[in-house]
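For the sequence shown, the working numbering begins at 632 and goes up steadily by one. Idealized CB from N, CA, C, for every residue including glycine. A quick note: this is a predicted structure, and the numbers were derived from the prediction, not measured. Here the structure comes first, spelled out in structure tokens, and everything after it is commentary.
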Amino acid sequence: MCLLALNGLRVSEVVGANVADLGLERGHCTLALRRKGGRRWRSRRRRPAR
């Protein structure tokens, strides 16, 4: 749920992701997604505020 809400992602985008789509870029966890229309997009995973 946090992945969807904090990053503004659609359920279909998250469900379609694979473990191979996870990465690390400049010290941030990233997730490569296929967005609406088939575009590829790399999202930085945000952490919930404390």
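- For G654, the beta-bridge partners assigned by DSSP are T661.
- Each of R641, L637 and A636 was checked against the Cα of L664, and the nearest Cα belongs to R641.
- Pairing R666 with E644 gives a Cβ-Cβ distance under 8 Å.
- Cβ neighbours of G654 within its own chain (closer than 7 Å, five residues either side excluded): T661 and A663.
- A651 has its alpha-carbon roughly 22 Å from the corresponding atom of A636.
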